[in-house]
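Right, one structure below, let's go through it.
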Amino acid sequence: MAEGDAGSDQRQNEEIEAMAAIYGEEWCVIDDCAKIFCIRISDDIDDPKWTLCLQVMLPNEYPGTAPPIYQLNAPWLKGQERTDLSNSLEEIYIQNIGESILYLWVEKIRDVLIQKSQMTEPGPDIKKKTEEEDVECEDDLILACQPENPVKALDFEISENQTEIEELPPIDHGIPITDRRSTFQAHLAPVVCPKQVKMVLAKLYENKKIASATHNIYAYRIYCEDKQTFLQDCEDDGETAAGGRLLHLMEILNVRNVMVVVSRWYGGILLGPDRFKHINNCARNILVERNYTNSPNEQGRNRERGRHRIRSRLQALSCQHGDQRGAQPTNCEIMT
1 MAEGDAGSDQ RQNEEIEAMA AIYGEEWCVI DDCAKIFCIR ISDDIDDPKW TLCLQVMLPN
61 EYPGTAPPIY QLNAPWLKGQ ERTDLSNSLE EIYIQNIGES ILYLWVEKIR DVLIQKSQMT
121 EPGPDIKKKT EEEDVECEDD LILACQPENP VKALDFEISE NQTEIEELPP IDHGIPITDR
181 RSTFQAHLAP VVCPKQVKMV LAKLYENKKI ASATHNIYAY RIYCEDKQTF LQDCEDDGET
241 AAGGRLLHLM EILNVRNVMV VVSRWYGGIL LGPDRFKHIN NCARNILVER NYTNSPNEQG
301 RNRERGRHRI RSRLQALSCQ HGDQRGAQPT NCEIMT
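For the sequence shown, position 222 matches number 222 in UniProt numbering, and the numbering has no gaps at all.
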C-alpha cells in the first residue's frame with residue numbers, strides 16, 4: 001500500500017471511530033469493507049420533527065484529494081430544498097479540502113433541520129421511522145395491487161364534488177420489486193391533459209406510504225391530435241437521471257396518453273445501476289399488464305402477421321403483373 005493510501009486509511013479510521021463515539025446509535029455501519037456508513041440526523045433527538053438520513057461512502061482518496069460520495073434520503077427533501085442542501089455540503093468540502101468533514105456535514109444538516117423546525121409544521125409521523133423499519137413491515141408498506149378498484153386500494157377520501165371524481169383518472173398499482181431491502185412499485189394512470197397529471201400526483205401523495213417514499217419518479221406522454229405531436233415531461237425526484245430514463249423507455253415503447261410513477265423506498269443499501277433497472281422494469285411491467293404496449297410474445301405475433309400480409313400482397317401483385325403481360329402463371333408463390 002502506498003504511503004499516501006496508508007495515511008488516508010488511518011485518517012478515515014480515526015474519523016469513523018470519532019463519529020461512532022459522538023453519535024452513538026445514530027451512526028450505522030452499512031458495509032465496513034466498502035466504508036459505507038449512514039447517520040440519521042434529526043432536529044431534536046428526544047422529540048424529532050424533521051429527520052434526514054445521510055449515507056456516505058469514503059473513497060480511498062478521502063480526505064486528501066476526494067470528497068465523500070453521499071446520498072441524502074428524506075421523503076420531504078425535494079426540488080430546490082435538496083439542491084440548496086447539497087450545495088451547502090459541497091461548499092463545506094471546498095472550504096476544507098484535505099480535512100475530515102463528516103462532522104461538519106452532519107452538524108450543517110442538523111442546523112438546517114432545526115431552522116426548518118422553527119419555520120414550518122412538523123412532518124408526518126411516518127418520517128420518524130427508520131427506513132429499515134419501514135421496509136421490514138413490507139405488508140404494511142406496499143400498496144395493495146387492486147386495479148379493479150384502484151381508489152379503494154389507496155384508501156382515498158372521495159370528495160363530494162362529483163366533477164372532480166369524473167376528471168380524476170383511475171390509478172393502477174403494479175407488483176412491487178424488492179432488492180436488498182429497497183422496494184420499487186409502479187403506479188399508472190391514463191391522462192389526456194397536464195391537469196390530470198397534477199391530479200394524479202396529488203391523489204398519490206395523499207397516501208402516506210407513497211408520500212414517505214424516498215423517491216417518486218414519474219414521466220408522462222400525451223398525444224396532441226391537432227398538432228400530431230407529443231406533450232411529455234418527467235421528474236427525477238432526487239434520483240438523478242431516473243425520470244429521463246423512464247421517459248425514454250416510454251418513448252421506445254411508443255405509449256401515449258399515460259403517466260407512470262415509480263415509488264422507491266430506500267432500504268439502506270446502495271444498489272448502484274441496478275436501481276435504474278428496477279425502476280424501468282416496474283414501469284415496463286405495468287404498461288404491458290395494462291395493454292399500453294404489446295408483450296414480447298404479442299410483438300412477435302404481430303411481426304409474423306405483418307410478414308404474412310406482405311407476402312400475400314406481393315403474391316397478389318405478382319399475379320396481377322403476370323396477367324398484365326398475358327402470361328398464364330401456374331404458381332404465384334413468393335420466394336422467401
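Glycine is no exception: its CB is placed at the ideal position from the N, C-alpha and C atoms.
Which of the three DSSP states is assigned to residue 179 in this structure?
Sequence index remark: in the sequence shown, residue 179 carries index 179 (1-based). The answer is strand: DSSP assigns residue 179 an E or B state.
Tell me, which residues are paired with residue 184 by DSSP?
Within the sequence shown, residue 184 is the residue found at index 184, counting from 1. Its beta-bridge partners are 177 and 264.
Quick one, which of 236, 92 and 64 has its alpha-carbon nearest residue 98's?
Indexing the sequence shown from 1 puts residue 98 at position 98. Minimum Cα distance to residue 98 is reached at 64.
Straight-line CA distance for residue 50 to residue 205?
The residue you call residue 50 lines up with position 50 of the sequence shown. The residue you call residue 205 lines up with position 205 of the sequence shown. Their backbone Cα atoms lie some 18 angstroms apart in a straight line.
May I ask which residues mark the beginning and end of the alpha helix (DSSP H) holding residue 76?
Translated into positions along the sequence shown, residue 76 becomes position 76. Unbroken run through residue 76: none, as it is neither H nor E.
Roughly how many whole angstroms lie between the Cα atoms of residue 283 and residue 200?
By one-based count along the sequence shown, residue 283 stands at place 283. By one-based count along the sequence shown, residue 200 stands at place 200. Their backbone Cα atoms lie some 16 angstroms apart in a straight line.
Using only CA atoms, which one of 237, 202 and 184 lies nearest to residue 168?
Here residue 168 corresponds to residue number 168 of the sequence shown, with the count starting at 1. That would be 202, whose Cα lies nearest to the Cα of residue 168.
According to DSSP, what are the bridge partners of residue 190?
Numbered from its first residue, the sequence shown carries residue 190 at position 190. According to DSSP, residue 190 bridges with 258.
Rounded to whole angstroms, how far is the Cβ of residue 257 from the Cβ of residue 223, which I believe are closer than 8 angstroms?
Position 257 of the sequence shown, counted from the first residue, corresponds to residue 257. Position 223 of the sequence shown, counted from the first residue, corresponds to residue 223. So it is a contact: roughly 6 angstroms between Cβ atoms.
Give every residue of the same chain whose Cβ lies closer than 8 angstroms to the Cβ of residue 243, excluding the five residues on either side of it in the sequence, and list them in chain order.
Here residue 243 refers to the residue found at position 243 when the sequence shown is read from its first residue. Excluding residues within five positions, the ones whose Cβ falls inside 8 angstroms are 217, 218, 219, 234, 235, 236 and 237.
Taking all protein chains shown into account, do 16 or more other C-beta atoms lie within 10 angstroms of the C-beta of residue 103, making it buried, or fewer, making it exposed?
Numbered from its first residue, the sequence shown carries residue 103 at position 103. Exposed, because fewer than 16 other Cβ atoms sit within 10 Å of the Cβ of residue 103.
For residue 255, which residues of its own chain have a beta-carbon under 7 angstroms away from its beta-carbon, when the five flanking residues on both sides are left out?
Reading the sequence shown from its first residue, position 255 is the one you call residue 255. 221, 287, 292 and 293.
Please list the terminal residues of the continuous beta strand (DSSP E) segment that includes residue 281.
In the sequence shown, counting from the first residue as 1, residue 281 sits at position 281. Note, residue 281: premise wrong, no beta strand (DSSP E); alpha helix (DSSP H) at 274-289.
Please report the straight-line C-alpha distance between residue 18 and residue 260, rounded to a whole angstrom.
Counting from 1 along the sequence shown, the entry for residue 18 is found at position 18. Counting from 1 along the sequence shown, the entry for residue 260 is found at position 260. Taking the straight line joining both Cα atoms gives about 44 angstroms.
If you draw a straight line from the alpha carbon of residue 189 to that of residue 208, how long is it in whole angstroms?
The residue labelled residue 189 in the question sits at position 189 within the sequence shown. The residue labelled residue 208 in the question sits at position 208 within the sequence shown. Taking the straight line from one Cα to the other gives about 19 angstroms.
So is residue 229 buried or exposed if we call it buried at 16+ other beta carbons inside 10 Å?
Residue mapping note: residue 229 aligns to position 229 of the sequence shown, counting from 1. Flag for residue 229 reads exposed.
What did DSSP end up calling residue 105 once you bin it into helix, strand or coil?
The residue you call residue 105 lines up with position 105 of the sequence shown. DSSP places residue 105 in helix when its eight states are reduced to three.
With 16 other CB atoms within 10 Å as the buried threshold, where does residue 75 fall?
The count along the sequence shown starts at 1 and reaches residue 75 at position 75. Buried, by the Cβ-count rule.
Output the residue ranges of the alpha helix (DSSP H) runs that lie fully inside the UniProt domain "RWD" (14-116) and measure 4 residues or longer, sorted by chain position.
Listed in chain order, they are 79-95.
For residue 357, collect the residues of the same chain with a Cβ closer than 6 angstroms to its Cβ; drop the 5 residues on either side in sequence, then sort them by chain order.
No answer is possible for residue 357: the residues shown for the chain start at 1 and end at 336.
Should residue 273 go down as buried or exposed, given a rule of 16 or more other Cβ atoms within 10 Å for buried?
Counting from one through the sequence shown, the residue named residue 273 turns up at place 273. Counting Cβ neighbours within 10 Å, residue 273 comes out exposed, since fewer than 16 surround it.
Tell me the rounded alpha-carbon separation between residue 109 and residue 41.
For the purposes of this step, residue 109 is taken as residue 109 along the sequence shown, with counting starting at 1. For the purposes of this step, residue 41 is taken as residue 41 along the sequence shown, with counting starting at 1. Approximately 7 angstroms, taken between the alpha carbons.
Look at the alpha carbon of residue 181 and the alpha carbon of residue 71, and state the distance between them as a whole number of angstroms.
Taking the sequence shown and counting its residues from 1, the one referred to as residue 181 is at position 181. Taking the sequence shown and counting its residues from 1, the one referred to as residue 71 is at position 71. About 16 angstroms.
Between residue 60 and residue 8, how many whole angstroms is the CB-CB distance? I'm expecting something under 8 angstroms.
Walking along the sequence shown from the start, residue 60 turns up at place 60. Walking along the sequence shown from the start, residue 8 turns up at place 8. With 8 angstroms as the limit, residue 60 and residue 8 qualify as a contact, their Cβ atoms being about 6 angstroms apart.
I'd like the span of the alpha helix (DSSP H) that includes residue 247, first residue to last.
In the sequence shown, counting from the first residue as 1, residue 247 sits at position 247. Segment 242-253, the alpha helix (DSSP H) holding residue 247.
Just list the residues that DSSP pairs residue 222 with in beta bridges.
Here the question's residue 222 lines up with position 222 in the sequence shown. For residue 222, which the question treats as bridged, DSSP gives the partners 231.
At which residues does the alpha helix (DSSP H) containing residue 211 begin and terminate?
Residue mapping note: residue 211 aligns to position 211 of the sequence shown, counting from 1. Residues 208-211.
Do you know how far the Cα of residue 44 is from the Cα of residue 119?
Within the sequence shown, numbered from 1, the residue matching residue 119 stands at position 119. Within the sequence shown, numbered from 1, the residue matching residue 44 stands at position 44. About 14 angstroms.
Exposed or buried, which one is residue 46 when buried takes at least 16 other CB atoms within 10 Å?
Sequence index remark: in the sequence shown, residue 46 carries index 46 (1-based). Answer is exposed; the Cβ neighbour count stays below 16.
Could you say which of 196, 116, 271 and 23 lies nearest to residue 171 if we only look at CA atoms?
As a position in the sequence shown, residue 171 is number 171, starting the count at 1. Of the candidates 196, 116, 271 and 23, the one whose C-alpha sits nearest the C-alpha of residue 171 is 196.
Assign residue 172 to one of three DSSP states: helix, strand, or coil.
For the purposes of this step, residue 172 is taken as the residue at position 172 of the sequence shown. Reduced to three states, the DSSP call for residue 172 is strand.
Which residue from 92, 281, 13 and 107 puts its Cα closest to that of residue 178?
Start at 1 with the first residue of the sequence shown, and residue 178 comes out as number 178. Ranking the options by Cα distance to residue 178, first place goes to 281.
Name the DSSP bridge partner or partners of residue 217?
Taking the sequence shown and counting its residues from 1, the one referred to as residue 217 is at position 217. Looking at the DSSP assignment, residue 217 forms a beta bridge with 262.
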